[in-house]
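For reference, the structure discussed in these notes is given below.
Protein chains: 2
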Amino acid sequence: MDRIEEAIERIESLDEAAMDSAKARQDTLTKPRGSLGVLEDISVRIAGITGDYMPDINDKVITTMAGDHGIVDEGVSAYPKEVTPQMVYNFINGGAGINVLARHIGARVVVVDMGVASDLEIKHSTENFIDSKIGYGTANMTKGAAMTYEDANKSIEAGIVVLEDEMANGMDIVGVGDMGIGNTTPSSAITAFITGEPVEKVTGRGTGLDDEGLRMKIEQLKKALVLNTPSREDAIDILAKIGGFEIGGMAGVILAAASHRIPVVVDGFISGAAALIAYELSPRIKDYLIASHLSVEAGHRAILNHIGLEPLFNLNMRLGEGTGAALGISIVEASCKILREMATFEEAGVPDKE
Amino acid sequence: MDRIEEAIERIESLDEAAMDSAKARQDTLTKPRGSLGVLEDISVRIAGITGDYMPDINDKVITTMAGDHGIVDEGVSAYPKEVTPQMVYNFINGGAGINVLARHIGARVVVVDMGVASDLEIKHSTENFIDSKIGYGTANMTKGAAMTYEDANKSIEAGIVVLEDEMANGMDIVGVGDMGIGNTTPSSAITAFITGEPVEKVTGRGTGLDDEGLRMKIEQLKKALVLNTPSREDAIDILAKIGGFEIGGMAGVILAAASHRIPVVVDGFISGAAALIAYELSPRIKDYLIASHLSVEAGHRAILNHIGLEPLFNLNMRLGEGTGAALGISIVEASCKILREMATFEEAGVPDKE
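Sequence lines, in order, name chains A and B. The C-terminal residue of the first sequence carries number 354 in the numbering used here, and the numbering is unbroken. The C-terminal residue of the second sequence carries number 708 in the numbering used here, and the numbering is unbroken.
The following block contains the structure:
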């Protein structure tokens with residue numbers, strides 16, 4: 001049995017007893033019942049995920065996975081491919097958006113090369129970097145499959161390994177983020193294929209295409225979807241034909257997190273596409289997923305609707321990297337602190353509702 | 355000239371030069387332009403408020419103002435009046451929702467007795483408590499004005515004093531929150547009167563009224579609005595006839611913050627009603643206000659629409675105390691860190707858009 005099957009088999013349902021206890025405790029805290037709304041709901045779910053009715057979120061991790069995409073040759077991105085490795089260096093040096101927001105919430109960022117199209121010059125001693133390169137970017141999916149079936153498997157497995165290795169350093173919650181010039185394109189392909197929505201509806205401007213660029217992107221996507229005919233029953237085949245290495249890696253992180261009862265906060269559209277792949281592999285992951293924000297990118301709502309998730313907030317963000325996940329993790333942490341730290345009516349000597 | 359007029363006269367427009375510099379800097383940071391959406395917008399506004407194009411949010415303060423309401427005698431609240439002083443003790447002991455969330459974001463809570471209907475037993479040495487009591491709860495506004503015109507003036511002035519005194523301890527941003535059994539009722543009265551919306555539309559269940567309770571509350575509100583006829587041109591008269599001491603105090607905090615170029619984050623419905631009073635006194639405060647969340651309480655949207663604010667998030671909260679403001683402050687802080695700490699394309703050696 002391979003690591004993917006192992007992870008899937010380990011995913012259990014939520015701990016109902018822990019959820020009942022958490023809910024009962026919320027109702028004794030010094031506030032009108034339900035008055036903290038979604039914060040109360042999340043805290044109860046984290047109890048169900050962790051099996052602890054007063055969960056403690058300390059170690060926060062964001063995995064930011066990078067990969068390149070052959071379809072960029074067709075002009076589907078406003079930025080050149082060279083940005084991907086330079087942004088990886090930026091992550092390692094702490095200068096990117098995700099670094100700032102991770103510091104803000106007290107999380108550590110783990111940067112993973114899943115498939116950057118060049119050799120990265122990174123010192124072996126760099127603590128926050130993991131080399132899981134499956135290939136030098138995917139192939140151009142308008143001309144054939146993005147990757148082999150074997151590499152699709154490997155990319156998901158690599159994500160599982162990253163998550164399990166990082167657990168050793170402490171992990172109460174994990175956020176998944178991405179970096180990869182062109183990666184909204186495979187994400188739109190995956191979203192259109194899995195949700196059944198028309199390509200036009202789930203394709204956006206990515207880093208900033210103009211109208212003509214968007215039209216071209218949709219055309220190339222349609223071409224790729226006609227040429228590649230993934231099996232609707234095999235998510236790994238979908239990933240292989242129209243996906244990306246970092247998307248596979250993030251799907252692996254999600255599966256592994258769910259299998260180890262670790263809450264996993266998804267970011268925006270690209271990590272959402274990874275969640276779709278993971279959801280096709282095992283719908284049980286849904287219980288472990290928290291959608292942070294609603295991305296500006298056109299297809300994100302279709303992903304959330306397909307899985308049945310509601311995002312915590314919408315700040316018109318579309319950066320990726322895990323930036324939305326970082327803010328989402330802070331809200332989840334706040335929800336658990338409410339559950340743990342608030343005084344009860346009895347403790348505070350406050351009269352309860354008449 | 356009294357303190358209220360002084361504060362109003364000191365309120366300037368935003369610093370356009372600082373905003374232009376902040377916007378220009380945002381566009382050099384290593385992300386597609388605009389990809390951090392509202393975070394970018396807020397950071398630019400904080401630059402305009404503070405006059406600093408790279409604003410630094412360190413000292414965070416939440417003022418939680420408490421008061422009681424005579425109209426509670428008419429059965430408009432699901433909780434008894436005795437809850438107000440007990441919750442003040444809870445704030446001081448650090449056990450309430452606002453304490454937990456303030457700790458989470460690294461803010462200090464300043465608890466203010468604006469008009470609790472009993473003598474509080476609080477040690478003089480309690481650092482985070484300010485006694486600004488204007489009276490022992492308001493009068494029952496179904497039988498006359500809630501307070502005298504003089505007390506309405508005093509309550510706003512007291513809020514100004516609280517803000518200005520607390521500035522000495524460091525204050526880069528302030529959140530306004532409330533506590534007061536029954537205080538959604540004067541807030542609905544103020545909202546209906548100022549926005550012109552029907553009472554039914556801006557009256558909610560507060561801490562948890564049932565259908566019959568809500569019907570009674572609406573009836574009492576209509577009675578109060580017929581009996582009291584505030585001058586539409588005089589916000590202090592509105593506060594006196596149908597307001598509350600803590601609402602006046604919060605209006606004072608808002609005016610003073612704006613007059614000292616300190617960003618002020620409003621919480622939900624009751625602090626929103628205070629913002630309405632402050633807005634009637636000086637529409638210029640709008641530039642200094644950030645709406646944190648959209649409250650479940652029915653009238654909150656009408657307040658935001660009247661002033662022209664968009665909330666940052668909606669987590670179905672309705673606790674008050676400043677809990678939504680706390681989460682909002684954390685987002686504002688994150689936005690300023692993005693502006694200050696992210697590497698530029700040049701610094702990171704990342705190629706910009708083609």
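From the three backbone atoms N, C-alpha and C, an ideal C-beta is built for every residue, glycine too.
A251 (chain A) counts as buried, since no fewer than 16 other beta carbons sit within 10 angstroms of its beta carbon. For I62 (chain A), the secondary structure class from DSSP, reduced to helix, strand or coil, is strand.
For R387 (chain B), at least one C-beta of chain A is nearer than 9 Å to its own C-beta. For T384 (chain B), the neighbours in chain A by C-beta distance under 8 Å run, in chain order, M87, N90, G95, A96 and G97. For G137 (chain A), the closest alpha carbon among the candidates A:M147, A:F129 and A:E157 is that of A:M147.
Counting along the chain, I238 (chain A) sits inside the alpha helix (DSSP H) bounded by residues A235 to I242.
Neighbours of S330 (chain A) in chain B, taken as residues whose beta carbon is under 7 Å from its own, are S684 in chain order. Fewer than three pairs of CB atoms, one per stretch, sit closer than 8 Å, so the region 39–49 of chain A makes no contact with the region 216–229 of chain A. The alpha-carbon of A348 (chain A) is positioned some 38 Å away from that of M167 (chain A). By the CB criterion at 9 Å, S231 (chain A) and I8 (chain A) fall outside the cutoff.
Per DSSP, D131 (chain A) is one residue of the beta strand (DSSP E) stretching across F129 to D131.
Residue-level contact check: I416 (chain B) does not touch chain A, since none of the beta carbons of chain A fall below 9 Å from its beta carbon. If you check each beta-carbon in the region 576–599 of chain B against every beta-carbon of chain A, none falls closer than 8 Å.
At least 9 Å separates the beta-carbon of L289 (chain A) from that of I11 (chain A). Secondary structure at R586 (chain B): coil, using DSSP grouped into helix, strand and coil. Measuring C-alpha to C-alpha distances from R284 (chain A) to each of A:I307, A:T126, A:I62 and A:T191 identifies A:I307 as the nearest. Burial is judged here by how many other beta carbons sit within 10 angstroms of a residue's own beta carbon; E370 (chain B) has fewer than 16 and is exposed. Taking all protein chains shown into account, K477 (chain B) has fewer than 16 neighbouring C-beta atoms within 10 Å of its C-beta and is therefore exposed. Note that the region 29–38 of chain A does not touch the region 321–328 of chain A; fewer than 3 beta-carbon pairs, one per stretch, sit closer than 8 Å. At a cut-off of 9 Å, the C-beta of M317 (chain A) has a neighbouring C-beta in chain B. Within the same chain, Cβ atoms closer than 6 Å to the Cβ of G67 (chain A) are found at M114, G115, G180, G244, F245 and E246, the five residues on either side in sequence being excluded. DSSP places M373 (chain B) in the helix class (H, G or I) of the three-state scheme.
Listed along chain B is no residue with a C-beta nearer than 9 Å to that of K154 (chain A); the closest approach is about 29 Å. Annotation: the continuous alpha helix (DSSP H) that includes M87 (chain A) extends over V83 to N93. If you draw a straight line from the Cα of K217 (chain A) to the Cα of T195 (chain A), it is about 19 Å long.
With respect to the 9 Å criterion, V415 (chain B) and N523 (chain B) are classified as neighbours on the basis of their beta carbons. Under a criterion of Cβ atoms nearer than 8 Å, the residues of chain A adjacent to E687 (chain B) are, in order, H104. Nearest neighbour of V199 (chain A) by Cα position, chosen from A:E5, A:K223, A:P85 and A:L209, turns out to be A:K223. If you check each beta-carbon in the region 524–539 of chain B against every beta-carbon of chain A, none falls closer than 8 Å. Taking every protein chain shown into account, the CB of R569 (chain B) has fewer than 16 other CB atoms within 10 angstroms, so this residue is exposed. Residue contact check for E74 (chain A) against chain B: no CB pair falls below 9 Å. Remark: C-beta atoms of T438 (chain B) and A697 (chain B) do not approach each other more closely than 9 Å. DSSP, read as helix, strand or coil, puts I616 (chain B) in coil. E333 (chain A) and L101 (chain A) have their alpha carbons spaced roughly 14 Å apart. For the options A:V350, A:V202, A:D2 and A:D211, the alpha carbon positioned closest to that of A273 (chain A) is the one of A:V202.
With its beta carbon at least 9 Å from every one in chain B, E5 (chain A) lies outside the interface.
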